[in-house]
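Here it is, written out as structure tokens:
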């Protein structure tokens, strides 16, 4: 189960460095509005909305923007109607990708993502083609300086987590999706702010990418998919050695 923190930290760094805040906030608003329409405006009763709000806050989306998105979804018209779709495919080196999207038109989104895969040397697959290589988990990335191993293990297990793994300068806490709230609350009680948190599709096995050219292609495809306006999150099962990652990661 190696590589989760590496993947999450790439996502975190990309979000922190991305200057196109308007695009990021637009995606966050879309996810929030969809969650509200599916299960209501109360994050205590709607876990999907709670995840969406947490993700928006990690992207430094202002509270007023979050509130407006929730309010807009409750309006008479409620804005555009989106559906959640998970696209699957392969890229360079046999890396598997899962692409979580919110779309109002599957007939537009699928061909556009197919072109992105093809330009990146990959292929958009059919439903279920790579799903078996991932599992859905609550994931929290915490700086090691926040707590020592014994303390973070106790906190995580008391909060319902399945496992804690050390990765470089971080702790990786994972658990069943339904433990997301209890783990988050446990960290908040200890006054620990995670570097990243989500309910994510984590790889069961990883594909090692051992040269710079291949690593560049893998990350370039990931970025191209992530930049599509309908895409919420991109998951991939690559494992790029740190020495190479430092040279090629954005």
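Numbering (my numbering), first residue to last: 0 to 249.
Ideal Cβ positions, reconstructed from N, Cα and C, are used throughout, including at glycine.
Remember, it's a predicted structure, so these values are computed and weren't measured experimentally.
Beta-carbon spacing of residue 198, residue 137 below 7 Å: Against the chain shown, residue 198 aligns to sequence position 199. Against the chain shown, residue 137 aligns to sequence position 138. The answer is yes: Cβ separation under 7 Å.
Cβ-based burial, residue 95 [other Cβ within 10 Å; buried from 16]: Taking the chain shown and counting its residues from 1, one reaches residue 95 at position 96. Buried, because 16 or more other Cβ atoms sit within 10 Å of the Cβ of residue 95.
Residue 73 burial status per 10 Å Cβ neighbour count (16 or more: buried): In the chain shown, the residue the question calls residue 73 occupies position 74. Exposed, by the Cβ-count rule.
Cα-Cα separation, residue 235 to residue 112: The sequence position of residue 235 within the chain shown is 236, counting from 1. The sequence position of residue 112 within the chain shown is 113, counting from 1. Looking at the backbone, the Cα of residue 235 and that of residue 112 are separated by about 15 Å.
Length-filtered (4 minimum) alpha helix (DSSP H) runs lying within the region 147-185: Listed in chain order, they are 148-157.
Start-end ranges of the beta strand (DSSP E) lying completely within the region 59-89, minimum 3 residues: As summarised for the region 59-89, the continuous beta strand (DSSP E) elements at least 3 residues long and confined to that stretch are 82-89, given in chain order.
Assigned secondary structure, residue 230 (DSSP; H/G/I helix, E/B strand, else coil): Taking the first residue of the chain shown as position 1, residue 230 is located at position 231. Looking at residue 230 - three-state DSSP - the assignment turns out to be strand.
Assigned secondary structure, residue 18 (DSSP; H/G/I helix, E/B strand, else coil): Within the chain shown, the letter at position 19 stands for residue 18. Any answer about residue 18 is weak, because its pLDDT of 48 lies below 50 and its placement is not dependable; what the coordinates show is given next. Coil.
Host alpha helix (DSSP H) of residue 110 (start-end): Indexing the chain shown from 1 puts residue 110 at position 111. Residue 110 -> alpha helix (DSSP H) spans 105-118.
Buried/exposed call for residue 2, threshold 16 Cβ in 10 Å: By 1-based counting over the chain shown, the position of residue 2 is 3. Only weak support exists for where residue 2 lies, its pLDDT of 46 falling under 50; the value from the coordinates is given anyway. Label assigned to residue 2: buried.
C-beta contact flag for residue 247 and residue 215 at 7 Å: Indexing the chain shown from 1 puts residue 247 at position 248. Indexing the chain shown from 1 puts residue 215 at position 216. Cβ atoms of residue 247 and residue 215: closer than 7 Å.
Segment limits, beta strand (DSSP E) that includes residue 130: Here residue 130 corresponds to residue number 131 of the chain shown, with the count starting at 1. If you look at residue 130, you'll find it isn't in any beta strand (DSSP E); DSSP assigns it neither H nor E.
For residue 216, the three-state DSSP class (helix, strand or coil): Here the question's residue 216 lines up with position 217 in the chain shown. Helix.
Integer-rounded CB distance, given that residue 124 should sit under 8 Å from residue 91: Position 92 of the chain shown, counting from 1, holds the residue named residue 91. Position 125 of the chain shown, counting from 1, holds the residue named residue 124. Contact doesn't hold; Cβ gap of about 15 Å is too wide.
Assigned secondary structure, residue 44 (DSSP; H/G/I helix, E/B strand, else coil): The residue labelled residue 44 in the question sits at position 45 within the chain shown. It is coil, neither helix nor strand.
Assumed close pair residue 178, residue 158 - CB separation to whole angstroms, cut-off 8 Å: Along the chain shown, one-based indexing puts residue 178 at 179. Along the chain shown, one-based indexing puts residue 158 at 159. That pair is a contact at about 7 Å.
Environment of residue 105 [buried if 16+ CB atoms lie within 10 Å]: Here residue 105 is taken as the residue at index 106 of the chain shown, counted from 1. So residue 105 counts as exposed.
Member of 206, 156, 143, 114 whose CA lies at the smallest distance from the CA of residue 240: Taking the first residue of the chain shown as 1, we reach residue 240 at position 241. Check the Cα spacing between residue 240 and each of 206, 156, 143, 114: the tightest is with 206.
Segment limits, beta strand (DSSP E) that includes residue 101: Mapped onto the chain shown, residue 101 falls at position 102. Run containing residue 101: 95-102, per the beta strand (DSSP E) assignment.
Buried or exposed (CB count within 10 angstroms, at least 16 for buried), residue 126: To locate residue 126, count along the chain shown from 1; it is residue 127. Looking at its Cβ environment, which holds fewer than 16 other Cβ atoms inside 10 Å, residue 126 is exposed.
Residue environment, residue 26, which counts as buried when at least 16 other CB atoms sit within 10 Å: For the purposes of this step, residue 26 is identified with residue 27 of the chain shown, where counting begins at 1. The C-beta of residue 26 has 16 or more other C-beta atoms within 10 Å across all chains shown, which makes the residue buried.
Residue 148 versus residue 55 - alpha carbon distance: Sequence index remark: in the chain shown, residue 148 carries index 149 (1-based). Sequence index remark: in the chain shown, residue 55 carries index 56 (1-based). Roughly 29 Å separates the two Cα atoms.
Nearest-angstrom Cα separation, counted from residue 202 out to residue 68: Taking the chain shown and counting its residues from 1, the one referred to as residue 68 is at position 69. Taking the chain shown and counting its residues from 1, the one referred to as residue 202 is at position 203. The alpha-carbon atoms of residue 68 and residue 202 are separated by roughly 32 Å.
One or two residues paired with residue 202 in a DSSP bridge: Counting from one through the chain shown, the residue named residue 202 turns up at place 203. DSSP, once it has assigned bridges, lists 133 as partnering residue 202.
Own chain partners of residue 0 with C-beta closer than 6 Å, once the 5 adjacent residues on each side are dropped: Taking the first residue of the chain shown as 1, we reach residue 0 at position 1. Bear in mind that the predicted position of residue 0 carries a pLDDT of just 37, short of 50, making it too unreliable to give a figure here.
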